[in-house]
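If you're matching positions, the sequence shown starts at 3 in our numbering and goes up one per residue. Written out below as structure tokens is the structure these notes cover.
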Amino acid sequence: IRTENGKQIRHAFIPEKGYKIVSFDYSQIELRLAAEMSQDNNFITSFVEGEDIHSSTAKEVFNIKDRDLNSEHRRKAKAINFGILYGISPYGLAKQLFIPNLEAKQYIENYFKRFPKIKDYMNFQINRAKTNNYVETMFGRRCNIKGINDKNFAVRGFAERQSINAPIQGTAADIIKLAMIEIYKDIKEKKINARMLLQVHDELVFEIAENKIKATIPLIINIMEKTHLNYKDFVVPLIVDHGIGNDWGESH
């Protein structure tokens, strides 16, 4: 999707005449789940209060006020937010942001000072994997981790990054599957008038009749945002965005 070819390929998927492609995707679900699973107060507050998480992180990490915040700060904060979840090293962050290693190291240290429970979460998952050779999603699904106790530094490092990220990505996968089951039930019972075509990561793609779109969108969004609450209490809200188009590419 990030390449021109990827975008062009999406334009090849077209609906039946009289229908539109409607795509729904979870907004920043991995970061929201990191906040939920770590129970870090600063992180949770940003989402509960509806702040832009990358701007919030930029203010915390670079110690700046709203008036001094610019798009470059936000871009760096975005790289830090997602990088941390993948266990990025100062060297990796420095390479990504084209900055000195020392500066990247300082950013990561600042991040953990402001969001200390994210670090606790990471350590907990690594230790859990070392003890059990698996980690779990919030819904109890096991993700096996190989090589966590390997003598080879590179193999062990990869397994540690997996153990941090797998519970988050796995929980996101559980949530979208729970939503798909509920949506399918409602389609079968004729409560929702849509065809569920495809799931790609955090996105669900539907074909919906043009005259049914207005009524159908809120029903699907409600299920995607709320179904997981039938199984587990969440403090952090999940938000779903949607787009409508004459093809899949246009619906983004």
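Even glycine gets a Cβ: it sits at the ideal position worked out from N, Cα and C.
Self-check item: Entirely enclosed beta strand (DSSP E) segments - the segment 192-238, minimum 3 residues
Solution: If we require 3 residues or more, the beta strand (DSSP E) runs fully inside the segment 192-238 come out as 197-202, 205-211.
Exercise. Compute the Euclidean distance between the alpha carbons of residue 75 and residue 211, then round it to the nearest angstrom.
Key: Roughly 42 Å between the two C-alpha positions.
Exercise. Could you tell me how far apart the beta carbons of residue 29 and residue 120 are, in whole angstroms, since I believe they sit closer than 8 Å?
Key: At roughly 19 Å, the Cβ-Cβ gap does not stay under 8 Å, so residue 29 and residue 120 are not in contact.
Quiz item: Going by beta carbon distance, what residues of the same chain come within less than 7 Å of residue 64, once the five residues before and after it are set aside?
Solution: Hits under 7 Å: 75.
Quiz item: Which whole-angstrom value describes the C-beta separation of residue 27 and residue 242, a residue pair presumed to lie in contact below a C-beta threshold of 8 Å?
Solution: Cβ-Cβ separation between residue 27 and residue 242: approximately 7 Å, consistent with a contact (criterion under 8 Å).
Practice problem: Return helix, strand or coil for residue 178, following the three-state DSSP convention. | Solution: Reduced to three states, the DSSP call for residue 178 is helix.
Quiz item: Where do the ends of the alpha helix (DSSP H) carrying residue 105 lie?
Solution: Residues 103-116.
Quiz item: In whole angstroms, what is the alpha-carbon distance linking residue 161 and residue 186?
Solution: Each residue's Cα considered, the two are about 36 Å apart.
Self-check item: Beta-bridge pairing of residue 138 - partner residues as DSSP gives them
Solution: For residue 138, which the question treats as bridged, DSSP gives the partners 144.
Self-check item: Length-filtered (4 minimum) alpha helix (DSSP H) runs lying within the segment 22-61
Solution: List check, alpha helix (DSSP H) in window: 31-40, 43-50.
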